[in-house]
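Colleague:
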Amino acid sequence: MDLNMDLNAPHSMGTTIIGVTYNGGVVLGADSRTSTGMYVANRASDKITQLTDNVYVCRSGSAADSQLVSDYVRYFLHQHTIQLGQPATVKVAANLIRLLSYNNKNMLETGLIVGGWDKYEGGKIYGIPLGGTLIEQPFAIGGSGSSYLYGFFDQAWKEGMTKDEAEQLVVKAVSLSIARDGASGGVVRTVVINSEGVTRNFYPGDKLQLWHEELEPQNSLLDILNSPSPEPMNI
Amino acid sequence: MNFMASKQPENSLLGPESDSQRTLYPYVTGTSVVALKYKDGILMAADMGGSYGSTLRYKNVERMKAIGKHSLLGASGEISDFQEILRYLDELILYDNMWDDGNSLGPKEVHNYLTRVMYNRRNKFNPLWNSLVLGGIKNGQKYLGTVSMIGVNFEDNHVATGFGNHLARPILRQEWHENLSFEDGVRLLEKCMRVLLYRDRSAINKLQIAKITEEGMTISQPYSLKTYWEFSAFENPTQGAVGSW
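Protein chains in written order, with my numbering: chain L, 161 to 395; chain B, 87 to 331.
1) Contact check, L:Gly-262 vs B:Ser-166 under 8 Å by CB: the rounded distance?
2) By DSSP, does L:Ile-288 sit in helix, in strand, or in coil?
3) Rank B:Glu-276, B:Met-303 and B:Leu-214 by C-alpha distance to the C-alpha of B:Ile-257 and give the top, closest one.
4) So, is the C-beta of L:Ile-295 closer than 8 Å to a C-beta in chain B?
5) Identify every run of the beta strand (DSSP E) within the region 305 to 361 of chain L, keeping only runs that are complete inside it and at least 3 residues long; order them along the chain.
6) Here's a check: name, in chain order, each residue in its chain whose Cβ is nearer than 6 Å to the Cβ of L:Lys-265, leaving out the five neighbours to either side.
7) In terms of residue numbering, what span does the beta strand (DSSP E) encompassing B:Lys-228 cover?
8) Quick test of the definition: if touching needs 3 or more C-beta pairs under 8 Å, does the region 196 to 215 of chain B touch the region 235 to 246 of chain B?
9) Using the DSSP secondary-structure output, state which residues sit across from L:Arg-219 in a beta bridge.
10) Just checking my contact of B:Ala-132 with B:Val-114 at CB under 8 Å: how many whole Å lie between their CB atoms?
11) Suppose the cutoff is 7 Å on Cβ atoms and the five residues either side in sequence are ignored; what does the same chain contact list for B:Val-332 look like?
12) Per DSSP, B:His-244 is paired with what?
13) For the alpha helix (DSSP H) that contains B:Gln-260, what are its first and last residues?
14) List the whole-angstrom C-beta distance separating B:Val-272 from B:Leu-253, where the pair is believed to meet the contact cut-off of C-beta under 8 Å.
15) Tell me which residues of the region 273 to 298 of chain L have at least one Cβ-Cβ distance to chain B shorter than 7 Å, keeping chain order.
16) Using CA coordinates, which residue listed in B:Phe-320, B:Glu-264, B:Ile-290 and B:Gly-302 is at the minimum distance from B:Leu-122?
17) Short check: CB of L:Ala-248 to CB of L:Val-215, under 8 Å?
18) Does the contact criterion of 3 or more C-beta pairs under 8 Å hold for the region 168 to 183 of chain B versus the region 310 to 328 of chain L?
19) For B:Leu-191, which residues from the same chain have a beta carbon less than 6 Å from its beta carbon, with the 5 sequence-adjacent residues on both sides left out?
20) Run the CB neighbour count on B:Met-87, radius 10 Å, all protein chains shown included, and call it buried at 16 or more, exposed below.
21) Any idea if B:Pro-323 is buried or exposed, counting beta-carbon neighbours within 10 angstroms, 16 or more meaning buried?
22) Of the choices B:Leu-293, B:Gly-302 and B:Ile-298, whose alpha-carbon is the least far from that of B:Lys-312?
23) Check the Cβ of B:Val-114 against every Cβ in chain L and list those closer than 7 Å, keeping chain order.
24) Mind listing the chain B neighbours of L:Tyr-308? Cutoff is C-beta to C-beta under 8 Å, in chain order.
25) From the DSSP output, read off the bridge partner residues of L:Ser-380.
26) For the alpha helix (DSSP H) containing B:Met-279, name the first residue and the last one.
27) Would you kindly report the start and end of the unbroken alpha helix (DSSP H) that includes L:Ile-295?
28) On the three-state DSSP scale, how would you describe B:Thr-313?
29) Measuring only the C-alpha atoms, how far is L:Val-352 from L:Pro-377?
30) Counting Cβ pairs closer than 8 Å, one from the region 376 to 390 of chain L and one from the region 301 to 318 of chain L, do we hit at least three?
31) By Cβ distance below 7 Å, which residues in the same chain neighbour B:Ala-152 in space, the five residues on each side in sequence not counted?
32) Rounded to a whole number of angstroms, what is the C-alpha to C-alpha distance between L:Val-330 and B:Met-235?
33) Could you list which residues in chain B have their beta carbon closer than 8 Å to that of L:Tyr-232, in chain order?
34) Short of 7 Å in beta carbon distance, which residues of its chain neighbour L:Thr-350, apart from the five on each side in sequence? Order them along the chain.
35) Could one say the Cβ of B:Val-119 lies closer than 8 Å to chain L's Cβ atoms, at least one of them?
36) If contact means a Cβ-Cβ distance below 7 Å, which residues of the region 155 to 182 of chain B contact chain L?
See below:
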């Protein structure tokens with residue numbers, strides 16, 4: 161690749177981000193790689209950021225842009241919650257993100273997935289890609305790694321999954337994406353949001369399922385060499 | 087990331103891209119809208135696709151919306167700009183209703199408003215990246231017009247945006263006539279949409295047809311068209327010329 165890519169290149173989250181609704185709430189998922197050109201600046205970043213108690217956002221694209229946008233929206237939502245006297249809705253959070261993304265479309269480079277639960281509409285996912293389009297979806301995928309997941313979701317997604325089915329789907333998807341996208345990697349983080357609250361989960365890279373042409377990790381070659389050879393079979 | 091840097095050549099006179107407000111390229115786009123006048127009003131068709139470059143990313147985008155009591159707006163181009171236009175129109179209709187004078191904005195007025203908005207944005211080099219189709223009927227008068235992102239506007243008995251101009255309009259020029267029935271209008275639009283499905287790479291097979299009459303606006307549920315592939319020439323295209331396509 162380009163050897164002139166320097167370490168001062170803007171931090172970018174070549175990323176995989178996912179948001180999925182299920183019967184009772186939403187599951188958000190992401191990888192944990194932040195890259196500066198070819199170098200992995202942070203191998204354990206947290207791309208799922210809190211906006212309010214009940215609304216989170218998955219960030220992709222420029223790390224700086226996505227952090228600023230979510231910081232501003234967290235600030236606005238905080239004030240909105242005080243003025244409203246009750247938790248903000250997912251729709252309001254998504255619209256605030258959209259407002260910033262659309263009105264600054266020439267300067268920002270960030271794609272976001274807003275997900276949460278409120279008492280009016282239940283679990284909702286909103287995708288806000290580059291340009292600032294706001295689009296409500298039963299599930300959303302984003303980031304550079306999402307290219308590898310369109311086919312997977314076309315086949316694997318179903319309406320009305322349980323919480324565990326939804327979470328397993330998200331983990332599997334991020335894991336598949338990490339296998340093929342150089343800009344995604346590290347651990348899989350998920351956040352489950354429903355009427356009961358928010359649960360964060362952590363799936364370390366070495367505990368994920370192995371895919372095609374991936375091998376079981378070993379401590380050392382020496383362990384392989386020293387392991388007993390397989391027993392001959394008896395007919 | 088430098089890979090995603092702008093497409094400006096080195097000797098460009100356009101100035102830095104982060105200049106206050108200057109949209110230079112669309113991201114999420116809708117493809118053709120086709121519309122025609124028929125006996126009772128206007129029929130309009132658009133698919134539900136939102137493309138992201140060459141990826142058919144979103145397949146549930148409604149690109150036609152009712153405006154007030156008398157108008158129907160269909161849009162192709164950047165979806166975020168279309169969403170913003172709907173907000174402008176929401177405000178326009180709200181203020182119109184607040185007058186509470188028994189009068190309401192008709193399609194001709196809404197079309198004129200949109201034309202002014204599009205043209206003035208073009209003059210500031212910051213266009214709303216859409217081609218719009220505005221149709222409606224008020225007091226028996228049918229109206230069907232279009233505005234482009236540079237402010238070109240006109241009205242006609244049938245209009246289309248994007249690829250529709252090249253593929254659908256010729257069909258409509260041949261087969262449209264005054265006082266089409268609803269059934270004939272729908273079949274004619276479907277004929278156009280099918281050609282677009284065959285020949286437009288950004289078309290998807292999931293469309294809606296909207297109808298606006300004196301009674302009001304209805305939009306169909308999303309549906310798909312049958313397509314025809316069983317021709318012997320398709321099954322054996324290189325029989326006469328092996329190696330060709």
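Note that beta-carbon positions come from the ideal geometry of N, C-alpha and C, so glycine has one too.
Modeller: In short:
1) One point to set straight first is that residue 262 of chain L is Tyr, not Gly, in the sequence displayed. With a Cβ gap of about 5 Å, L:Tyr-262 and B:Ser-166 count as contacting.
2) strand
3) B:Glu-276
4) yes
5) 348 to 354
6) Gly-291 and Gly-292
7) 227 to 233
8) yes
9) L:Leu-272
10) About 15 Å separates the two Cβ atoms, so there is no contact after all.
11) In the structure displayed, chain B extends from 87 to 331; residue 332 of chain B sits before or after that span and is not available.
12) B:Leu-122
13) 249 to 261
14) About 18 Å separates the two Cβ atoms, so there is no contact after all.
15) Pro-289, Leu-290, Gly-291, Gly-292, Thr-293, Leu-294 and Ile-295
16) B:Glu-264
17) yes
18) no
19) Gly-154 and Asp-182
20) Caution is warranted here: a pLDDT of 37 is assigned to B:Met-87, below 50, making its placement in the model unreliable, and no coordinate value can be reported.
21) exposed
22) B:Leu-293
23) Pro-289, Gly-291 and Thr-293
24) Here the premise fails: no neighbours, minimum Cβ distance about 12 Å.
25) DSSP, once it has assigned bridges, lists no residue as partnering L:Ser-380.
26) 268 to 285
27) Element bounds for L:Ile-295: not the alpha helix (DSSP H) but the beta strand (DSSP E), 295 to 297.
28) coil
29) 29 Å
30) no
31) Leu-158 and Met-303
32) 40 Å
33) Per Cβ cutoff of 8 Å: no residues; L:Tyr-232 is ~18 Å from chain B at best.
34) Val-187, Leu-188, Gly-189, Glu-327, Val-330, Val-331 and Asn-361
35) no
36) Glu-164, Ile-165, Ser-166, Gln-169 and Glu-170
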